[in-house]
Structure formats: structure tokens, C-alpha cells
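Contents: one structure, followed by commentary.
2 protein chains.
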Amino acid sequence: MGNLADRIEEYLKRILEQTSEGYIMLQRSELAGVFSCVPSQINYVLDTRFTVERGYLVESRRGGGGYLRIVRLELGLEGQYQQVMRQLIGEQLSRDRLNGLMERLVNEELVTLREAALIKSILSGDALSGEFRDWDVLRARLMKNILTTLSREDL
Amino acid sequence: MGNLADRIEEYLKRILEQTSEGYIMLQRSELAGVFSCVPSQINYVLDTRFTVERGYLVESRRGGGGYLRIVRLELGLEGQYQQVMRQLIGEQLSRDRLNGLMERLVNEELVTLREAALIKSILSGDALSGEFRDWDVLRARLMKNILTTLSREDL
DNA sequence: AAGTAGAAGGTCAGGAAAGGTCAATAAATG
DNA sequence: CATTTATTGACCTTTCCTGACCTTCTACTT
């Protein structure tokens with residue numbers, strides 16, 4: 186584990202643990218400076234190590250005063266939210282199964298009633314019937330996205 | 186958020202909150218003086234941060250005794266906000282305008298941070314790029330749908 | 001009333017300051 | 001030796017900042 190990418194990874198995870206906000210902000214070029222490497226190396230580390238699957242979310246902004254923001258997802262809830270849900274959702278998600286899922290999420294108090302109504306209003310697709318190739322596949326993808334968002338530690 | 190534009194934005198929002206009239210009046214060159222920048226920088230900030238989507242209106246007058254006037258638009262609590270929003274959204278809704286709208290809804294405390302993140306995660310379309318014919322049109326339709334849902338009394 | 005000088009604010013193009021992408025190469029691994 | 005993983009550098013996009021030049025308004029002069 187002595188290579189550059191691994192060291193940058195460790196470094197980021199260490200300061201990420203020390204913070205209480207659930208996220209850190211930094212500048213790509215600055216970090217590259219610390220490790221004396223090209224800036225794009227940072228992207229490599231972020232792309233390979235700080236993925237959603239591993240429990241992280243990365244946001245950024247370009248231009249003057251730009252930044253990178255690495256958000257940690259709640260590992261505690263990840264069991265409930267992500268692993269279980271992902272398996273449950275699979276590649277496709279029918280309207281009925283969506284409703285079942287939402288009910289369960291509300292019962293377990295992982296989402297509020299309002300949030301549930303919101304999600305259903307979008308994913309039930311009344312407003313959009315006929316727009317998509319395969320609505321069930323889309324619904325599954327969106328639902329995973331939603332769960333990932335809801336497990337952000339900074340919300 | 187250390188860059189100039191962000192600082193000017195904060196400054197303006199702060200004095201805008203402290204006033205009771207709902208608007209502020211100031212001179213472009215004077216403000217530019219406060220931040221030691223060129224006057225056109227002020228226009229940049231106004232154009233990018235104080236848009237209608239975000240709930241602001243900017244009026245101005247040239248010539249001797251000219252001024253800038255920034256008006257904060259409140260969304261009436263009476264559910265008329267839906268109409269306002271519908272008009273604002275129109276037939277198409279770009280990502281940038283969506284973000285502006287969401288910021289406003291959060292500011293007005295009509296949606297929570299979580300709800301905002303949720304909506305953005307779906308409508309920003311990262312997960313679905315290439316799926317749709319016209320994503321801006323879709324985004325507008327979905328957003329209207331969402332607002333309708335959120336204005337339900339029983340949630 | 002007409003003209004004009006000065007005092008605002010407006011526009012736009014260009015450059016600088018971030019971060020992003022991709023393909024070529026090098027290193028490690030099996 | 002083959003394949004995956006890491007590293008680099010050239011080039012791109014987005015966001016910000018500045019300065020030159022333009023338009024509008026007021027006030028004053030004639």
C-alpha cells in the first residue's frame with residue numbers, strides 16, 4: 186500500500202474521519218501540491234476510491250475559487266438503506282414494488298411522509314407515461330439514486 | 186466560498202435580510218469600491234446570483250443619481266406560490282434554473298434540505314443522461330408535479 | 001428649448017483560475 | 001507474458017474577474 190494513490194486515499198480518509206460535518210472541502214491543485222503529483226492524479230483517486238459503492242460522494246466546482254467536496258455516506262444506515270435496498274430493488278422496480286418499499290421506509294422512519302409522497306409522485310410516472318423506453322429500469326436507477334442521497338451525512 | 190463574487194453575494198444578502206422594506210438600494214460604483222473591484226463585477230454577481238428563480242428582482246437607473254435596487258420576492262404563504270412557480274418554470278427548466286429554484290424553496294423554508302437534495306438528485310439527471318428526448322422539458326413537468334405534491338395539505 | 005458635459009449603470013470580449021477528460025505510458029500483479 | 005492498476009501530460013470546460021467601450025439620465029448653459 187505504498188503507492189501514491191493509496192497514500193492520498195489514506196490521507197483523505199483520515200481527515201474525513203476527524204471532521205464532524207460529514208464532509209471535507211479542498212482544492213485539487215493544492216492537494217496535488219502536497220503530494221507532488223499532477224492534479225489529475227487526484228481525480229484518479231476520487232474515481233477509484235471515493236465511489237458511491239464505497240460510501241462516498243464527490244462534488245466539485247470549477248473556476249476561480251473552485252473546490253472539491255467529499256461527502257461521507259452514513260455507514261450506520263448503509264446496512265438498512267443501501268445494501269438491503271439495492272438488493273431489493275435490483276435492476277427493475279415496478280410501481281407496486283415501489284409502493285411497498287416506500288411503505289416500509291416510512292414505517293422504519295427512514296423517510297418522512299412528505300418525502301415518500303414526493304418520491305412516489307415522481308416515480309409513479311403519471312405525468313410522463315410514454316416518455317421512456319423502460320420505465321421499470323429507470324425507476325430502479327432513480328430509486329437507488331434517491332437512497333444514496335438520503336444517506337448523506339451532511340443532511 | 187472565498188472568492189469575490191461569493192463574498193459580494195453574502196454581503197448583499199445579509200443587508201437584505203436586515204432591512205424591513207424587502208429591498209435595498211445602493212450604488213454600483215460605491216459597492217465596487219467597498220470590495221475594491223471593477224463595477225462590472227457587481228453586474229456579474231447580480232446576473233448569476235440574484236435571478237428571478239432565486240427570488241430576487243433587480244432594477245436600476247442610470248445617469249446622475251442612478252442606483253441599483255434589489256428586491257426580495259416573497260412567496261406568499263397562501264399557496265399562491267404554486268402559481269408563481271408554474272409561471273417561473275414554464276415549459277422548460279434547465280439545471281441551473283432548477284438549482285436556483287431549489288435554493289429559493291429552501292430559503293423560504295418550503296422544503297427541507299433533505300427534500301431539496303432529493304429533488305435535485307433526481308432532476309439533475311446524472312443517472313439518466315441520454316435517456317430522454319428533451320430533458321429540460323421533462324424537468325419542467327416533473328418539477329410542477331413535485332410542487333403540486335408538496336402543496337398538499339395532508340402532508 | 002436645445003445642446004452638452006458629467007455621472008451613473010450596461011455589455012461584451014478576453015484572460016485567469018479553478019477542476020475534468022482522455023489517451024499514452026509505466027508499474028505492479030498474476 | 002498478459003492484464004490490470006497507477007501516473008503523467010496535453011487539452012477542454014466552467015467560473016470568475018477586469019477593462020474598454022456603450023447607453024441613459026440629470027443638470028447646467030445658452
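Those protein sequence lines, which keep their order, are chains A and B. So the number in our numbering is just where the residue sits in the first sequence, counting from 1, plus 185. So the number in our numbering is just where the residue sits in the second sequence, counting from 1, plus 185. Ideal placement from N, C-alpha and C gives every residue a C-beta, glycine not left out. Since we're looking at a predicted model, the values are computed, not measured.
Does chain A have any CB closer than 8 Å to the CB of B:Ile331?
Cβ-Cβ to chain A under 8 Å: yes for B:Ile331.
C-beta neighbour in chain A for B:Glu233, strict 8 Å
The sequence shown places Thr at residue 233 of chain B, not Glu. Chain A places no beta carbon closer than 8 Å to that of B:Thr233, leaving this residue out of the contacts.
Any C-beta of chain B sitting closer than 8 Å to the C-beta of A:Thr334?
Yes, contact with chain B.
Any beta carbon from chain B within less than 8 Å of A:Ser307's own beta carbon?
In the sequence as displayed, the identity of residue 307 of chain A is Ile instead of Ser. So, interface residue.
Indicate whether at least one CB of chain A lies closer than 8 Å to the CB of B:Ala302.
Between B:Ala302 and chain A, the shortest Cβ-Cβ separation is below 8 Å.
Measuring only between beta-carbons, confirm whether B:Gly251 sits less than 8 Å from chain A.
For B:Gly251, no Cβ of chain A is located within less than 8 Å of the residue's own Cβ.
Whole angstroms is fine: what's the gap from B:Gly218's alpha carbon to B:Asp321's?
Near 40 Å, if we compare the C-alpha coordinates of B:Asp321 and B:Gly218.
Cβ shell of B:Met210 (< 6 Å), same chain only, five flanking positions each side left out
A distance below 6 Å between beta-carbons, with the five flanking residues on each side excluded, links B:Met210 to the following residues of its chain, in chain order: Tyr252 and Arg254.
Less than 8 Å separating the beta-carbons of B:Ile274 and B:Ile304?
No; because the gap between Cβ atoms is not below 8 Å, this pair is not in contact.
Short check: CB of B:Leu295 to CB of B:Arg257, under 8 Å?
The Cβ-Cβ distance between B:Leu295 and B:Arg257 does not fall below 8 Å.
Only counting the same chain, and skipping five residues up and downstream in sequence, which positions put a Cβ closer than 6 Å to that of B:Glu238?
So the list reads Arg282, Gly285 and Leu286, once near-sequence residues are dropped.
Exposed or buried, B:Met186, counting other C-beta atoms within 10 Å across all chains shown (16 or more means buried)?
Under this definition B:Met186 is an exposed residue.
Taking 7 Å as the cut-off, is the C-beta of B:Ile193 nearer than that to any heavy atom in the ligand HEM?
This structure simply doesn't include the ligand HEM, nor any ligand for that matter.
Would a C-beta distance cut-off of 8 Å place A:Ser309 and A:Arg337 closer than the cut-off?
For A:Ser309 and A:Arg337, no; Cβs fall outside 8 Å.
Whole angstroms are fine: how far does the CA of A:Phe220 sit from the CA of A:Arg335?
Looking at the sequence itself, residue 335 of chain A is Leu, so the reference to Arg does not match. Computed Cα separation, rounded: 33 Å.
Residues near B:Arg207 by beta carbon distance below 8 Å, same chain, minus five either side:
Here the sequence assigns Gly to residue 207 of chain B, which means Arg is not the residue at that position. If we look at B:Gly207 and ignore the five residues flanking it on each side, its Cβ neighbours are Val256, Arg257 and Glu259.
Is the CB-CB distance between A:Ile227 and A:Arg213 below 8 Å?
Closer than 8 Å, so yes.
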